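Chains as they are written, first to last, in our numbering: chain A, 57 to 419; chain B, 16 to 415.
Working notes, beginning with the structure itself.
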Amino acid sequence: MASEKPYLAVTCTAPVNIAVIKYWGKRDEELILPINSSLSVTLHQDQLKTTTTAVISKDFTEDRIWLNGREEDIGQPRIQACLREIRRLARKRRSGDEEDPLPLSLNYKVHVASVNNFPTAAGLASSASGYACLAYALARVYGVESDLSEVARRGSGSACRSLYGGFVEWQMGEQADGKDSVARQVAPESHWPELRVLILVVSAEKKLTGSTVGMQTSVETSPLLRFRAEAVVPARMAEMIRYVKERNFQGFGELTMKDSNQFHATCLDTFPPISYLNDTSRRIIHLVHRFNAHHGQTKARFLKGLPVKPGRLSDELKAALGMDPTPGSIKYIIATQVGPGPQILDHPHAHLLGPDGLPKPTV
Amino acid sequence: MASEKPYLAVTCTAPVNIAVIKYWGKRDEELILPINSSLSVTLHQDQLKTTTTAVISKDFTEDRIWLNGREEDIGQPRIQACLREIRRLARKRRSGDEEDPLPLSLNYKVHVASVNNFPTAAGLASSASGYACLAYALARVYGVESDLSEVARRGSGSACRSLYGGFVEWQMGEQADGKDSVARQVAPESHWPELRVLILVVSAEKKLTGSTVGMQTSVETSPLLRFRAEAVVPARMAEMIRYVKERNFQGFGELTMKDSNQFHATCLDTFPPISYLNDTSRRIIHLVHRFNAHHGQTKVAYTFDAGPNAVIFTLDDTVAEFVAAVRHSFPPESNGDKFLKGLPVKPGRLSDELKAALGMDPTPGSIKYIIATQVGPGPQILDHPHAHLLGPDGLPKPTV
Numbered sequence: 057m058a059s060e061k062p063y064l065a066v067t068c069t070a071p072v073n074i075a076v077i078k079y080w081g082k083r084d085e086e087l088i089l090p091i092n093s094s095l096s097v098t099l100h101q102d103q104l105k106t107t108t109t110a111v112i113s114k115d116f117t118e119d120r121i122w123l124n125g126r127e128e129d130i131g132q133p134r135i136q137a138c139l140r141e142i143r144r145l146a147r148k149r150r151s152g153d154e155e156d157p158l159p160l161s162l163n164y165k166v167h168v169a170s171v172n173n174f175p176t177a178a179g180l181a182s183s184a185s186g187y188a189c190l191a192y193a194l195a196r197v198y199g200v201e202s203d204l205s206e207v208a209r210r211g212s213g214s215a216c217r218s219l220y221g222g223f224v225e226w227q228m229g230e231q232a233d234g235k236d237s238v239a240r241q242v243a244p245e246s247h248w249p250e251l252r253v254l255i256l257v258v259s260a261e262k263k264l265t266g267s268t269v270g271m272q273t274s275v276e277t278s279p280l281l282r283f284r285a286e287a288v289v290p291a292r293m294a295e296m297i298r299y300v301k302e303r304n305f306q307g308f309g310e311l312t313m314k315d316s317n318q319f320h321a322t323c324l325d326t327f328p329p330i331s332y333l334n335d336t337s338r339r340i341i342h343l344v345h346r347f348n349a350h351h352g353q354t355k356a357r358f359l360k361g362l363p364v365k366p367g368r369l370s371d372e373l374k375a376a377l378g379m380d381p382t383p384g385s386i387k388y389i390i391a392t393q394v395g396p397g398p399q400i401l402d403h404p405h406a407h408l409l410g411p412d413g414l415p416k417p418t419v
Numbered sequence: 016m017a018s019e020k021p022y023l024a025v026t027c028t029a030p031v032n033i034a035v036i037k038y039w040g041k042r043d044e045e046l047i048l049p050i051n052s053s054l055s056v057t058l059h060q061d062q063l064k065t066t067t068t069a070v071i072s073k074d075f076t077e078d079r080i081w082l083n084g085r086e087e088d089i090g091q092p093r094i095q096a097c098l099r100e101i102r103r104l105a106r107k108r109r110s111g112d113e114e115d116p117l118p119l120s121l122n123y124k125v126h127v128a129s130v131n132n133f134p135t136a137a138g139l140a141s142s143a144s145g146y147a148c149l150a151y152a153l154a155r156v157y158g159v160e161s162d163l164s165e166v167a168r169r170g171s172g173s174a175c176r177s178l179y180g181g182f183v184e185w186q187m188g189e190q191a192d193g194k195d196s197v198a199r200q201v202a203p204e205s206h207w208p209e210l211r212v213l214i215l216v217v218s219a220e221k222k223l224t225g226s227t228v229g230m231q232t233s234v235e236t237s238p239l240l241r242f243r244a245e246a247v248v249p250a251r252m253a254e255m256i257r258y259v260k261e262r263n264f265q266g267f268g269e270l271t272m273k274d275s276n277q278f279h280a281t282c283l284d285t286f287p288p289i290s291y292l293n294d295t296s297r298r299i300i301h302l303v304h305r306f307n308a309h310h311g312q313t314k315v316a317y318t319f320d321a322g323p324n325a326v327i328f329t330l331d332d333t334v335a336e337f338v339a340a341v342r343h344s345f346p347p348e349s350n351g352d353k354f355l356k357g358l359p360v361k362p363g364r365l366s367d368e369l370k371a372a373l374g375m376d377p378t379p380g381s382i383k384y385i386i387a388t389q390v391g392p393g394p395q396i397l398d399h400p401h402a403h404l405l406g407p408d409g410l411p412k413p414t415v
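What follows is the structure in structure tokens.
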């Protein structure tokens with residue numbers, strides 16, 4: 057809760073999430089409202105997380121932000137959108153109570169520092185965890201207790217799904233003002249303890265088309281995308297939620313693969329076409345299908361695992377896979393599992409900013 | 016025309032065609048009826064063709080067939096379907112005329128030999144030219160003069176489009192018996208003389224999913240394919256026909272690329288997914304978009320069938336520069352002068368601006384060679400006896 061203290065520091069962490077029913081395409085670029093709902097799995101913060109410290113102080117003269125140790129432009133539109141939205145919510149809360157005058161701290165400038173515990177070069181999307189963490193930290197310093205979906209969403213659409221652990225739905229909403237475009241937890245992280253996630257980090261390639269521009273071009277040029285959003289995703293959302301609730305891996309796995317493929321299909325149907333999958337991606341897809349066929353059921357998917365016991369390939373499986381090895385195509389694997397939503401770190405040494413509001417020197 | 020001769024030999028040639036509005040998916044597996052119409056460009060036989068000799072003889076005891084010099088199983092269902100259909104049409108024609116008894120030759124067995132002038136290893140689909148040629152040759156020996164769309168189609172769907180030169184439409188039809196699922200010429204080969212076609216033969220890969228199984232799986236599992244067939248293709252067919260008639264390369268090129276991409280999108284939306292495009296295909300796509308962006312207009316267009324080979328459409332004034340761009344980004348390996356086959360291409364130069372605009376790291380050897388060709392005519396009959404692939408004994412002539 058905000059107060060009249062001249063200085064307040066809050067540090068929290070937020071998770072990465074991976075969509076199993078994909079979000080791709082906005083119906084409103086400014087409010088970041090999607091053309092279809094999406095469903096994600098929140099990954100465990102022991103392996104992947106963003107840590108953010110937000111400090112407000114009467115002595116700060118301007119808002120400032122440091123990302124992974126480097127000062128960035130606070131004027132960046134998405135960051136500004138989050139800040140404006142949090143401050144609007146803070147004033148709204150306060151002004152609802154006639155007795156309490158608005159605390160001075162609402163006018164304090166904020167310093168924010170954020171770090172990821174996973175390398176940016178790995179190509180793992182950090183905007184979801186980053187903006188969820190930013191929203192969460194700003195809410196704590198400015199005393200906002202309402203739903204943060206909108207704040208996170210204004211930073212990066214999928215960030216609203218990182219506000220919860222476990223299995224999370226981002227309901228697309230219908231209102232033009234986006235008030236009903238919110239995230240909600242479908243099942244907690246404890247719901248499916250046997251589920252594992254493996255991230256296969258593929259060797260870095262040339263710069264790919266960014267999501268924001270990519271999905272905009274897709275909405276503008278792909279006939280298949282519109283059909284997907286209107287006629288395919290709604291039923292898939294219901295189906296996926298059912299598989300999650302029932303812990304039905306066959307159903308969950310097959311539908312996850314189908315939706316990933318369909319998302320990439322709409323990227324290919326874009327003009328100019330977007331190809332996020334490369335030959336290594338296709339080989340991994342091939343490996344998974346052969347692995348599953350060998351076992352006679354859907355057992356594996358793109359993502360899986362944690363500390364992994366040494367495994368053995370039976371000779372039959374080696375024969376069934378039948379692929380020429382391609383050394384070095386996969387750089388490394390991150391094994392993780394389903395995890396919780398954002399956490400607050402209470403201990404003062406967790407803060408990334410010192411009492412002067414500047415980044416602490418890294419040890 | 017068939018006759019009572021104890022022996023009759025006919026040799027013809029038929030072209031390859033490349034679809035610019037793609038056919039992918041059947042509504043009837045037996046009659047080979049498609050879920051949407053398609054439009055193609057017939058390529059010139061000087062560069063790509065199938066040559067087929069059909070011989071009927073009173074002395075033959077069974078039907079036989081040789082493909083590229085090797086005897087194949089005549090019982091193969093598609094070949095049988097063509098034979099049955101031709102014989103049915105032959106009998107129908109005859110039985111319409113009460114005066115004329117059915118000629119004995121309708122009961123003669125047939126020997127067929129077929130060769131392509133392009134390597135099978137190039138991954139260029141030869142089933143269209145092959146079955147069109149078979150249909151055409153069989154029609155000549157058995158005296159069938161009606162529309163051959165159905166005969167060719169029963170062999171391989173896209174073969175009906177190889178029955179005509181120039182620009183050809185395969186109308187999907189509506190009838191359940193497929194009688195209205197026919198090919199027709201939209202514009203002749205002389206219509207657009209500046210149009211050129213470059214086939215970029217990409218290095219061979221592991222066996223890919225065959226078209227017949229692939230499109231069946233797509234129809235069964237891809238929601239996007241159904242939508243494409245019902246809601247997207249009909250308007251695209253009308254649009255493409257208009258661009259062809261108007262010789263509008265901008266429109267023709269852009270729509271060709273979009274339809275190729277959408278076809279491959281539906282393959283990716285199939286379960287298990289089908290990926291015919293590989294990294295080289297994607298680099299070629301990238302090259303084309305960069306080349307066009309540099310020129311500020313659509314000067315080059317790509318299309319890909321069920322394989323990584325790229326078919327490039329452009330106008331004759333752009334060929335030299337684009338080939339230079341391909342050489343620069345995909346340097347040929349040692350066989351430098353065999354890199355370009357087919358129509359002669361003037362040496363082209365890449366400006367420094369274009370090199371910079373392309374901005375791609377060269378990948379040597381990714382493209383094996385290029386075949387340069389143009390729009391061409393439909394099937395031809397070869398009159399000279401030495402063109403026959405089978406001797407008087409009905410067996411393949413020894414190759415010189």
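Glycine residues also receive a C-beta, built at the ideal position from the N, C-alpha and C atoms.
Only a predicted model underlies this, so the values are computations on that prediction, with no experimental measurement involved.
- Where Thr-281(B) is concerned, the enclosing alpha helix (DSSP H) starts and stops at 264-283.
- When the five nearest sequence neighbours on each side are left out, the beta carbons in the same chain lying within less than 6 Å of the beta carbon of Ala-169(A) are those of Thr-109, Trp-122, Leu-408, Leu-409 and Pro-415, in order along the chain.
- Within the model, the alpha-carbon separation for Thr-414(B) versus His-342(A) is close to 42 Å.
- Under the 8 Å criterion on CB atoms, Phe-327(A) is classed as interfacial with respect to chain B.
- Neighbours of Leu-283(B) in chain A, taken as residues whose beta carbon is under 7 Å from its own, are Asn-317, His-320, Ala-321 and Leu-324 in chain order.
- At a cut-off of 8 Å, the C-beta of Pro-238(B) has a neighbouring C-beta in chain A.
- Looking at the DSSP output, Pro-30(B) shares a beta bridge with Lys-64(B).
- For Cys-148(B), the uninterrupted alpha helix (DSSP H) run begins and ends at 142-157, by DSSP.
- In the DSSP secondary-structure assignment, Ile-389(A) is bridged to Leu-256(A).
- Using a C-beta cut-off of 8 Å, the segment 271-288 of chain A makes no contact with the segment 296-304 of chain A, since fewer than three inter-stretch Cβ pairs fall below that distance.
- Between the C-alpha atoms of Val-360(B) and Glu-336(B) there is a straight-line separation of about 10 Å.
- From the listed residues Pro-49(B), Thr-313(B) and Val-56(B), the smallest Cα separation to Gln-190(B) is found for Pro-49(B).
- When 7 Å is used as the limit between beta carbons, Val-35(B) is near no residue of chain A, the shortest such separation being about 15 Å.
- A distance below 8 Å separates the beta carbons of Ser-274(A) and Cys-323(A).
- Annotation for Ser-278(A): Thr-322, Asp-325 and Thr-326 place their beta carbon closer than 7 Å to its own, counting only its chain and skipping 5 residues before and after.
- The alpha-carbon of Asn-163(A) is positioned some 22 Å away from that of Tyr-187(A).
- Taking a contact to require three or more Cβ pairs closer than 8 Å, the segment 303-315 of chain B and the segment 260-271 of chain B qualify as touching.
- When Cβ-Cβ separations below 8 Å define contact, Asp-119(A) makes no contact with chain B.
- Closer than 7 Å at the C-beta level to chain A, one finds these residues of the segment 302-328 of chain B: His-304.
- For Val-166(B), no pairing in a beta bridge is given by DSSP.
- Interface criterion not met: the Cβ of Ser-93(A) is under 8 Å from no Cβ in chain B.
- The residues Lys-105, in chain order, have a CB closer than 6 Å to that of Asn-173(A) in the same chain once the five nearest residues on each side in sequence are set aside.
- Pro-392(B) and Gly-145(B) have their C-alpha atoms roughly 15 Å apart.
- Residue environment analysis places Gln-101(A) among the buried positions, since at least 16 neighbouring C-beta atoms fall within 10 angstroms of its C-beta.
- Between Gln-227(A) and Val-242(A), the CB-CB gap reaches or exceeds 8 Å.
- Within chain A, the residues placing a beta-carbon under 7 Å from that of Ser-290(B) are Arg-338, ordered along the chain.
- Runs of alpha helix (DSSP H) with 4 or more residues, each lying fully within the segment 273-327 of chain A, are found at 279-283, 289-302 and 305-324, listed in chain order.
- In the displayed model, Ile-94(B) falls within a helix according to three-state DSSP.
- DSSP, read as helix, strand or coil, puts Tyr-192(A) in helix.
- Leaving aside the five residues that flank Ser-141(B) on each side, the residues in its chain whose CB is nearer than 8 Å to its CB run, in chain order, Val-31, Thr-65, Asn-131, Phe-133 and Thr-135.
- Shortest Cα-Cα distance from Glu-85(A) to any of Asp-412(A), Asn-348(A), Tyr-388(A) and Asp-233(A) involves Asp-233(A).
- For Gly-357(B), the enclosing beta strand (DSSP E) covers residues 355-357.
- When DSSP reads this structure, Leu-89(A) sits in a beta bridge with Asp-84(A).
- Taking a Cβ-Cβ threshold of 7 Å, the residues of chain A close to Val-247(B) are Pro-279, in chain order.
- Inclusion of Thr-26(B) and Thr-76(B) in the CB contact set at 8 Å is not warranted, their separation being larger than that value.
- The distance from the Cβ of Glu-100(B) to that of Val-166(B) is about 5 Å, consistent with a contact at the 8 Å cut-off.
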